[in-house]
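Structure, as structure tokens:
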Amino acid sequence: MTTRRNFIKMAGLTGAAVLANPSRTFSTPMKNEKVELETPNKWLDGSRLVVSVSMQFEAGGQPQNAESPFPQNMQKGYNDFPAETWYQYGYKEGIPRMLDNWDKHGIKVTSHMVGSAVLQNPQLAKEIVQRGHEAAAHGMNWSSQYAMSYDEEKKFIKAGVDAIKNVTGFNAVGYNANWLRRGENTLKILQELGFTYHIDDLSRDEPFIIQVNNKDFTVVPYTIRCNDIVLIEGKHFSSDQFFNQVKAEFDQLYAESEFKRRQLSISFHDRIGGTPQMVKTTSDLLEYIKKHNGVTFKRKDEIAKMTLEDKNSIRE
Numbered sequence: 484m485t486t487r488r489n490f491i492k493m494a495g496l497t498g499a500a501v502l503a504n505p506s507r508t509f510s511t512p513m514k515n516e517k518v519e520l521e522t523p524n525k526w527l528d529g530s531r532l533v534v535s536v537s538m539q540f541e542a543g544g545q546p547q548n549a550e551s552p553f554p555q556n557m558q559k560g561y562n563d564f565p566a567e568t569w570y571q572y573g574y575k576e577g578i579p580r581m582l583d584n585w586d587k588h589g590i591k592v593t594s595h596m597v598g599s600a601v602l603q604n605p606q607l608a609k610e611i612v613q614r615g616h617e618a619a620a621h622g623m624n625w626s627s628q629y630a631m632s633y634d635e636e637k638k639f640i641k642a643g644v645d646a647i648k649n650v651t652g653f654n655a656v657g658y659n660a661n662w663l664r665r666g667e668n669t670l671k672i673l674q675e676l677g678f679t680y681h682i683d684d685l686s687r688d689e690p691f692i693i694q695v696n697n698k699d700f701t702v703v704p705y706t707i708r709c710n711d712i713v714l715i716e717g718k719h720f721s722s723d724q725f726f727n728q729v730k731a732e733f734d735q736l737y738a739e740s741e742f743k744r745r746q747l748s749i750s751f752h753d754r755i756g757g758t759p760q761m762v763k764t765t766s767d768l769l770e771y772i773k774k775h776n777g778v779t780f781k782r783k784d785e786i787a788k789m790t791l792e793d794k795n796s797i798r799e
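Here the sequence shown stands for residues 484 to 799, where the numbers follow our numbering.
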């Protein structure tokens, strides 16, 4: 199969030959020779396709009257108590149920933790880490950090990191801004604070390396296509539709992964992905995915580390 990457390489080789000896290039009949080109389709550890699962730990850190499946028609000055219980479900039922499901399937995930949610439910945050999952930073609260000054944003990010570290002992190296909306200073601040990757990028189906402060920094792409908060949230997709959408995404990426490095991202939120129907659906998805050769499940810090060490990683 001819891939775009190989086509570009072949075109480059042909162009160089033309420049070196144009008359010979066009006058000599081409021999039917097989040209061996390096195709860096495999991951550094030999995986064919890597699945990256996110488990957002946000419930308990939301602002008053935060967005929810309920109509946004509350009069000012009143609390939306039913919506508060929707969020409480995330730490009372959702995350514990998802943790059991990850253990059942023997996979490890990345949990993007809001600092204030961690402080409200420290035992749950500890349990996530104790069960082998990555704790990544997700801000101190739901504030819009893109509107902050440089110093304000740096304090905001560090406060979230410190909350995770103090409660769980885990040193967060990955970051996710609220609704992915980082500011112009965010990546510089992350590099200064010792982060190695961020996920607020939808531009590729594989991780890549960028330069931040003249140093390598990894982008581990996120998803809104295979994301329960976008598709489900109690009012859009059914769990069956979610299954079929993620399955179709996997099937296409798995076919492509024969010739190029591919990553499937799936994202779950505590109060949505942790419902009984979604955990059952997720379990069925994992069973389907695990039947395919060469598929591995990795935490995002593992993906970032492997990307930085791989000479074939895309650089932008």
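C-beta: ideal position from N, C-alpha, C; glycine also.
{"Item": "Proximal residues to Thr701 (C-beta, below 7 Å), its chain only, five neighbours per side dropped", "Value": "Thr679, Tyr680, Pro690, Ile692, Ala787, Thr790, Leu791"}
{"Item": "Element boundaries [alpha helix (DSSP H), containing Glu724]", "Value": "Reading the sequence as shown, one finds Gln at residue 724 and not Glu. Segment 722–739, the alpha helix (DSSP H) holding Gln724."}
{"Item": "Supposed contact pair Asp688 and Gln746 - C-beta distance, whole angstroms, cut 8 Å", "Value": "6 Å"}
{"Item": "Short Cβ contact (8 Å threshold) for Gly622 with Val597", "Value": "yes"}
{"Item": "Straight-line Cα distance separating Trp662 from Phe726", "Value": "23 Å"}
{"Item": "Straight-line gap, Glu675 to Asp563 (C-alpha atoms, nearest Å)", "Value": "39 Å"}
{"Item": "Cβ shell of Gly757 (< 8 Å), same chain only, five flanking positions each side left out", "Value": "Tyr572, Gly573, Glu576, Gly577, Ile578, Pro579, Arg580, Met581, Phe751"}
{"Item": "CB contact flag (Asn524, Lys743, <8 Å)", "Value": "yes"}
{"Item": "Straight-line gap, Leu520 to Asn696 (C-alpha atoms, nearest Å)", "Value": "Legend: pLDDT at Leu520 = 42, less than 50; position of this residue unreliable, no value from coordinates given."}
{"Item": "C-alpha gap between Met631 and Val656, whole angstroms", "Value": "21 Å"}
{"Item": "Candidates Gly652, Phe653, Lys648, Lys637, of which the one nearest Ala660 by Cα", "Value": "Lys637"}
{"Item": "First through last residue of the beta strand (DSSP E) which encompasses Gln571", "Value": "Premise fails: Gln571 lies in the alpha helix (DSSP H), 564–572, not in any beta strand (DSSP E)."}
{"Item": "First and last residue of the uninterrupted beta strand (DSSP E) at Asp699", "Value": "698–702"}
{"Item": "First and last residue of the uninterrupted beta strand (DSSP E) at Gln694", "Value": "691–695"}
{"Item": "Bridge partner(s) assigned by DSSP for Phe780", "Value": "Val534"}
{"Item": "Every unbroken beta strand (DSSP E) inside the segment 572–636 [3 residues or more]", "Value": "593–596, 617–620"}
{"Item": "Bridge-paired residues (DSSP) for His752", "Value": "Gln539"}
{"Item": "Environment of Gly544 [buried if 16+ CB atoms lie within 10 Å]", "Value": "buried"}
{"Item": "C-alpha distance - Thr651 paired with Lys763, whole-angstrom precision", "Value": "28 Å"}
{"Item": "8 Å CB neighbourhood of Glu516 in its chain, flanking five on each side removed", "Value": "Because the pLDDT at Glu516 is just 42, under 50, the model does not fix this residue reliably, and the point stays unresolved."}
{"Item": "Collapsed DSSP secondary structure at Tyr561 in the structure displayed", "Value": "coil"}
{"Item": "Same chain, Cβ closer than 7 Å to Lys641, neighbours up to 5 away in sequence not counted", "Value": "Leu676"}
{"Item": "Chain-order list of residues whose beta-carbon lies under 6 Å from that of Phe780 (same chain, five-residue window excluded)", "Value": "Val534, Ile590"}
{"Item": "Burial state of Leu769, where buried means 16 or more other Cβ atoms lie within 10 Å", "Value": "buried"}
{"Item": "Length of the line joining the Cα atoms of Val592 and Pro759", "Value": "19 Å"}
{"Item": "Counted within 10 angstroms of its Cβ, other Cβ atoms place Gln628 as buried (16 or more) or exposed", "Value": "buried"}
{"Item": "Rounded straight-line distance, which links the Cα of Glu741 to that of Gln606", "Value": "42 Å"}
{"Item": "Cα-Cα separation between Lys773 and Ser626, rounded to whole angstroms", "Value": "38 Å"}
{"Item": "Contact set for Leu602: own chain, Cβ-Cβ below 6 Å, skip 5 residues either direction", "Value": "Ala646"}
{"Item": "Assigned exposure category for Ser506 - 16 Cβ within 10 Å defines buried", "Value": "With a pLDDT of only 41 at Ser506, under the threshold of 50, the placement of this residue in the model should not be trusted, and no figure is reported."}
{"Item": "Selection from Asp699, Phe653, Asn795, Arg798 that minimises the alpha carbon distance to Leu673", "Value": "Asp699"}
{"Item": "Pair within 8 Å by beta-carbon distance, Ser551 and Trp569", "Value": "yes"}
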